[in-house]
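Contents: one structure, followed by commentary.
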Amino acid sequence: MAEQQFDLVVVGGGPGGYVAAIRAAQLKMNVALVEREHLGGICLNWGCIPTKALLRSSEINHLLHNLDAYGFSAQNVSFDIAKIVKRSRGVAAQLSGGVKHLLKKNKVTVFDGAGRLDGVAAGGARKVAVSKGGKAVASLVAKNVILATGARARVLPGLEPDPACIWTYREAMVPAKMPKSLLVVGSGAIGIEFASFYRNLGAEVTVVEVMDRILPVEDEEISAFARKAFEKQGMKILTGAGVKGVRKGAGSVTALVEQGGKTQEIAVEVIISAVGIVGNVEGIGLEGTKARVEKTHLVVDGYGATGEPGVWAIGDLTGPPWLAHKASHEGIACVEKIAGLKGVHPLDTSNIPGCTYCMPQVASVGMTEAKAKAAGRKVRVGRFPYMGNGKAIALGEPEGMVKTVFDAETGELLGAHMIGAEVTELIQGYGIARTLESTEAELMHTVFPHPTLSEMMHESVLDAYGRAIHF
Amino acid sequence: MPINVLMPALSPTMTEGKLARWLKKEGDAVKSGQVLCEIETDKATMEVEAVDEGTLGKILVAGGTEGVKVNTPIAVILEEGESAASAAAPAAAPAPVVAAPAAPPSTAAPASKPAAEPAADAGRVFASPLARRMAEQAGLDISAIRGSGPNGRIVKADIDAARAGGKAVARPAAPAAAAAASVPAPAAVSAAALAAIGPHKLVPLSTMRRVIARRLTESKQQVPHFYLTVDCVIDRLLAGRAALNARSPEKGPGAFKLSVNDFVIKAVAVALRQVPAANASYSDDGILMWDNVDVSVAVAIPGGLITPIVRNADAKGLAQISTEMKDLATRAKDGKLKPEEFQGGGFSISNLGMFGIKEFGAVINPPQGAILAVGAGEQRPIVKDGALAIATVMSCTLSVDHRVIDGAVGAEFLAAFKRIVEDPLAMLL
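If you read the sequences in order, they're chains H and W.
Heads up, the first sequence is in the working numbering, so the first residue is 586 and it goes up one at a time.
Heads up, the second sequence is in the working numbering, so the first residue is 14 and it goes up one at a time.
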């Protein structure tokens, strides 16, 4: 098979890989992108985007059942889960098509198949073999290769996926029918989003979390706030608990859940396993290279260098946080480093916002209060409740809070933690503040428009210094 | 209503200073014009006077506190009938600056005055708000730190590195930084890197030491110096000096004792008037030709040096120059010069003759165009009319900023200076 020459080969077309490919094309590189399934990767096809479409439907369902508060009345409100899923798939398909168009526009050559490192060509260039269904379809040669093969759901022993009753995110996204009851194992962003989605559509939902609180990466106060909100919505939450085994029955599954030394049986229609991810490190030709795998992820430096000459890695395939926007940023930094651009900075992983689109939404950036203290920082903490914000009340969204954590000595904004309506859209404000290394003074001097939810971001900062006006 | 006394700015570039001591204590009655406290900056000690009448209710910043930021409330003055309790929350009521007697009055047109602090004008320092605050808190001169952020912006990591000890230098410089910064920052020198050399004591840098380090480094890096040396025979000057000093009243306000340096100041001033091209400063926008002849004279003071200015020295008599210089030097040593007494000047003199130094080259004090280094007057063999003779000779070296004064102009100035020094009666013309 004739070898095809490129400047850069990107293996994996998710938000890390396709963004890297486009950036490389902008920098006048001749780029190949190898994708085995769909452009846009998990994020666009089986993650971020289709779940947002699903959650939108569940929010609307929630609203429809609370119309009275806004002066409406409607009878016999109902939904069709098949239509909800169809809309979600349509959204994913539309955006995947968009990525295809973007790659074409940027003259990136896309190869449909799985890519793997295939040794070194003459002159030290890397070879990448592309195969589809076990058959070789192309042989690529490039000086640099970026591996962006992403990750997949972690499977716990006993909780192996079963389309009938044990789902990962993948099955949970395309239910054939609406389950009446679910047990969600794991209360990270993925688990909580599905728990929230199904609960808002009326399912009985129980969440099992092995840690002592839900959303364990978030600030403790936010975890506690979220738990209260979810329980108010009728969700059952078991923390410090684990699934010890499952018994499958006809049309149901029984989980043995151990909590505090006691075991209880919880019978549900479906279990959703959302206990983290593992990197897709297999079958990509890492054998015999200097690239090092640790806990299913590749070890890289701040620019994605693996230690193997010409082989780079980005996104979920590498270390945490495992988020689409982190992958995209890494892709850009990696390509710019390869291109020898001046002033390239590695991604600062301490400044990556995290968003969970449950109801109420959760968003955060930087250190939690506990982490800041553990790091030896003297902190000033500000809080502001949605209850004190005019726009929140007008929207009928009085539930939520904005918490800010400052270094008491320097005024550095160490972290911001938010829960409530639209916080996922608000968090970037604090992200910019942190990137620009603002102190409380600049945040206080910034004029936030009235009436908006963003005013709470201002008030929270003021509160950290004992100056909140509206609470 | 209680009136806040704010930390005054003693100069346009002052951002903080040391509150040296309080002359009033809490509970004392104060009248407008009375001195409340003394403020020390890098170069001067200033008295802060009350402009309001009342009782000094509360001292918010204790005497001896360093790094007090300008406009920080330092005390509260209570009007009649007010209690100290009502002054408990001073920050809430910003009040006018009580006293900044030394804030330099901008008398002349801006274009005819050199900037007080050229470094501040040399280019904006790009730094994040957090980096600025951390540098301030750590007492670091932010302009001396190399930025690693976008376009060379100074960010938190750079301050951390500078505090940790010189890692900012080791870090591969963001290449964009070097291109963007119009002023190359002096390389950081970390004590940690030097500590291994041997047992030592680390003396913290005073503000003055930092300013000297920064400005003279900048001068040597940015100003293309060249040097001209001339020998002046000063026997006639010495004779004239003795004759003039003999005329001084025994004591009283009119008494004087002229020094050789007073003659040098006068000679420089007259020579600058004769060769005005040497009384000039370089700027990127053009050469500033100074209208006045303001001569800065380097004075060694505890912990450093300062250059008080004899203004319009060409128009002043020797006795007046001498009296002024003595007063300036005395107050310089006490740290009591006002900013306008040492900020500015068009030309400097540095005299190390009293230490027996034969000759030396001085570093130009930007934005001035030249500095004259004066050596000791000593008896040397000279050749006069084809025969060896003994004369008292003083070697003077002019350091010149070639951007503004070329070799011929420098030589012309120095020749004029030599002529005057060797024939001091010419000063009278």
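For each residue, glycine too, the CB sits at the ideal point set by N, CA and C.
For H:Arg965 and W:Ser45, what's the separation of their Cα atoms in angstroms?
To locate residue 965 of chain H, count along the first sequence from 1; it is residue 380. To locate residue 45 of chain W, count along the second sequence from 1; it is residue 32. Distance between the alpha carbons of H:Arg965 and W:Ser45 is about 41 Å.
Which residues in chain H have a C-beta closer than 8 Å to the C-beta of W:Leu143? List them in chain order.
As a working note, residue 143 of chain W is residue 130 in the second sequence. Neighbours of W:Leu143 on chain H, chain order: Thr995, Gly996, Glu997, Glu1022, Ser1023 and Thr1024.
Among the candidates H:Glu745, H:Pro931, H:Gly830 and H:Val1032, whose CA atom is the shortest distance from the CA of H:Val885?
Translated into the one-based positions of the first sequence, residue 885 of chain H becomes position 300. Closest by alpha carbon: H:Pro931.
Check the C-beta distance from W:Gly348 over to W:Thr58 and give it rounded, since I have them as a contact under 8 Å.
Within the second sequence, the letter at position 335 stands for residue 348 of chain W. Within the second sequence, the letter at position 45 stands for residue 58 of chain W. With a Cβ gap of about 4 Å, W:Gly348 and W:Thr58 count as contacting.
Where W:Ser361 and W:Thr410 are concerned, what is the direct C-alpha to C-alpha distance, given to the nearest angstrom?
Reading the second sequence from its first residue, position 348 is the one you call residue 361 of chain W. Reading the second sequence from its first residue, position 397 is the one you call residue 410 of chain W. One C-alpha to the other measures close to 12 Å.
Less than 7 Å between the C-beta atoms of H:Tyr888 and H:Ala909, yes or no?
Your numbering for residue 888 of chain H matches position 303 in the first sequence. Your numbering for residue 909 of chain H matches position 324 in the first sequence. No, the pair does not count as a contact, with Cβ atoms beyond the cut-off.
Look up H:Lys821 in the DSSP assignment and say whether it is helix, strand or coil.
Here residue 821 of chain H refers to the residue found at position 236 of the first sequence. Strand, per DSSP.
Euclidean distance between Cα positions of H:Leu732 and H:Leu1021:
For this step, residue 732 of chain H is matched to residue 147 along the first sequence. For this step, residue 1021 of chain H is matched to residue 436 along the first sequence. When rounded, the distance between both Cα atoms is 31 Å.
Less than 7 Å between the C-beta atoms of W:Ile384 and W:Ser412, yes or no?
Taking the first residue of the second sequence as 1, we reach residue 384 of chain W at position 371. Taking the first residue of the second sequence as 1, we reach residue 412 of chain W at position 399. In this structure, W:Ser412 lies closer than 7 Å to W:Ile384 by Cβ.
Is the stretch 604-623 of chain H close to the stretch 912-929 of chain H, with three or more CB pairs under 8 Å?
yes
Cutoff 8 Å; reference W:Pro237; Cβ partners in own chain excluding five residues on either side:
Taking the first residue of the second sequence as position 1, residue 237 of chain W is located at position 224. Once the five neighbours on either side are set aside, the close Cβ partners of W:Pro237 are Asp414, His415 and Arg416.
Closer than 8 Å by C-beta to H:Gln611: which residues in its own chain qualify, once you throw out the five before and the five after it? Chain order, please.
In the first sequence, residue 611 of chain H corresponds to position 26, counting from 1. Once the five neighbours on either side are set aside, the close Cβ partners of H:Gln611 are Asn691.
Taking only beta carbons into account, state which residues of the stretch 916-941 of chain H come closer than 7 Å to chain W, listed in chain order.
Lys927 and Gly928
Simplified DSSP assignment, three categories, for W:Ile72:
Numbered from 1 along the second sequence, position 59 holds the residue referred to as residue 72 of chain W. Looking at W:Ile72 - three-state DSSP - the assignment turns out to be strand.
Supposed contact pair H:Val616 and H:Val595 - C-beta distance, whole angstroms, cut 8 Å
The residue you call residue 595 of chain H lines up with position 10 of the first sequence. The residue you call residue 616 of chain H lines up with position 31 of the first sequence. That belief holds up - the Cβ atoms of H:Val595 and H:Val616 are roughly 7 Å apart, short of 8 Å.
Taking Cβ-Cβ distances shorter than 8 Å, what residues in chain W pair up with H:Glu1027?
As a working note, residue 1027 of chain H is residue 442 in the first sequence. Ordered by position in chain W, the residues that pass the 8 Å Cβ test against H:Glu1027 are Pro142.
Residues that W:Val168 contacts on chain H, provided the C-beta gap is smaller than 9 Å:
Taking the first residue of the second sequence as position 1, residue 168 of chain W is located at position 155. Per Cβ cutoff of 9 Å: Glu1022.
Counting only the same chain and skipping the five closest in sequence on each side, list residues whose C-beta sits under 6 Å from that of W:Leu341.
By one-based count along the second sequence, residue 341 of chain W stands at place 328. Result list for W:Leu341: Pro321, in chain order.
Candidates W:Ala148, W:Phe139, W:Ala22 and W:Ile225: which alpha carbon is nearest W:Asn164's?
In the second sequence, the residue the question calls residue 164 of chain W occupies position 151. Among W:Ala148, W:Phe139, W:Ala22 and W:Ile225, the Cα nearest to that of W:Asn164 is on W:Phe139.
CB-CB under 8 Å to H:Ile588, same chain, minus the five flanking residues each way: which ones, in chain order?
Residue mapping note: residue 588 of chain H aligns to position 3 of the first sequence, counting from 1. As written in the sequence, residue 588 of chain H is Glu, which differs from the Ile given in the question. Excluding sequence neighbours, H:Glu588 sits near Ala706, Lys712, Ser724, Leu725 and Val726.
Using a beta-carbon distance below 7 Å, is W:Met407 in contact with chain H?
Taking the first residue of the second sequence as position 1, residue 407 of chain W is located at position 394. It does not: the Cβ of W:Met407 has no partner Cβ on chain H nearer than 7 Å.
Start-to-end residues for the alpha helix (DSSP H) that takes in H:Lys630
Taking the first sequence and counting its residues from 1, the one referred to as residue 630 of chain H is at position 45. Note that residue 630 of chain H corresponds to Asn in the displayed sequence, not to Lys. Looking at the DSSP string, the run of the alpha helix (DSSP H) that includes H:Asn630 is Gly626 to Trp631.
How is H:Tyr655 classed by DSSP in three states: helix, strand or coil?
Start at 1 with the first residue of the first sequence, and residue 655 of chain H comes out as number 70. Looking at H:Tyr655 - three-state DSSP - the assignment turns out to be helix.
How far does the beta strand (DSSP E) with W:Tyr240 in it extend, from its first residue to its last?
For this step, residue 240 of chain W is matched to residue 227 along the second sequence. Unbroken beta strand (DSSP E) run through W:Tyr240: His238 to Val246.
Could you name the residues of chain H that W:Arg146 contacts, counting a contact when the two beta carbons are closer than 7 Å?
Position 133 of the second sequence, counted from the start, is the residue given in the question as residue 146 of chain W. Here the neighbours are Thr995, Gly996 and Thr1024.
Neighbouring residues, chain H, relative to W:Pro163 (Cβ below 9 Å)
Numbered from 1 along the second sequence, position 150 holds the residue referred to as residue 163 of chain W. Those within 9 Å of W:Pro163 in chain H are Gly928 and His930.
Please list the partners that W:Gln150 has in chain H, where partner means a Cβ-to-Cβ separation under 9 Å.
Stepping through the second sequence from its first residue, residue 150 of chain W is reached at position 137. Simply Glu994 and Thr995.
Euclidean distance between Cα positions of H:Lys668 and H:Val759:
Counting from 1 along the first sequence, the entry for residue 668 of chain H is found at position 83. Counting from 1 along the first sequence, the entry for residue 759 of chain H is found at position 174. So the alpha carbons of these two residues sit roughly 11 Å apart.
Check whether W:Ala293 and W:Phe430 have beta carbons under 7 Å apart
As a working mapping, residue 293 of chain W is identified with position 280 in the second sequence. As a working mapping, residue 430 of chain W is identified with position 417 in the second sequence. Not in contact: W:Ala293 and W:Phe430 (Cβ atoms no closer than 7 Å).
Report the rounded CA-to-CA distance for H:Ala993 versus H:Ala757, giving the unit in angstroms.
As a working note, residue 993 of chain H is residue 408 in the first sequence. As a working note, residue 757 of chain H is residue 172 in the first sequence. Cα to Cα, H:Ala993 sits roughly 44 Å from H:Ala757.
Considering only DSSP beta bridges, list what H:Pro746 is partnered with.
Here residue 746 of chain H corresponds to residue number 161 of the first sequence, with the count starting at 1. For H:Pro746, which the question treats as bridged, DSSP gives no partner whatsoever.
I need the DSSP call for W:Ile433, collapsed to helix, strand or coil.
Numbered from its first residue, the second sequence carries residue 433 of chain W at position 420. Residue state, collapsed to three classes: helix.
Quick one: Cα of H:Glu805 to Cα of H:Gly735, how far?
What you label residue 805 of chain H is simply residue 220 of the first sequence in a count that begins at 1. What you label residue 735 of chain H is simply residue 150 of the first sequence in a count that begins at 1. Their backbone Cα atoms lie some 29 Å apart in a straight line.
Do you know how far the Cα of W:Val83 is from the Cα of W:Val477?
Lying before the first or after the last residue shown, residue 477 of chain W is absent from chain W, which here runs from 14 to 442.
Considering only residues of the stretch 1008-1035 of chain H, which uninterrupted alpha helix (DSSP H) runs meet the minimum length of 4 residues and lie entirely inside it, listed in chain order?
1008-1020 and 1025-1030
May I ask you to verify whether the stretch 670-677 of chain H touches the stretch 629-640 of chain H, counting CB pairs closer than 8 Å and requiring at least 3?
yes
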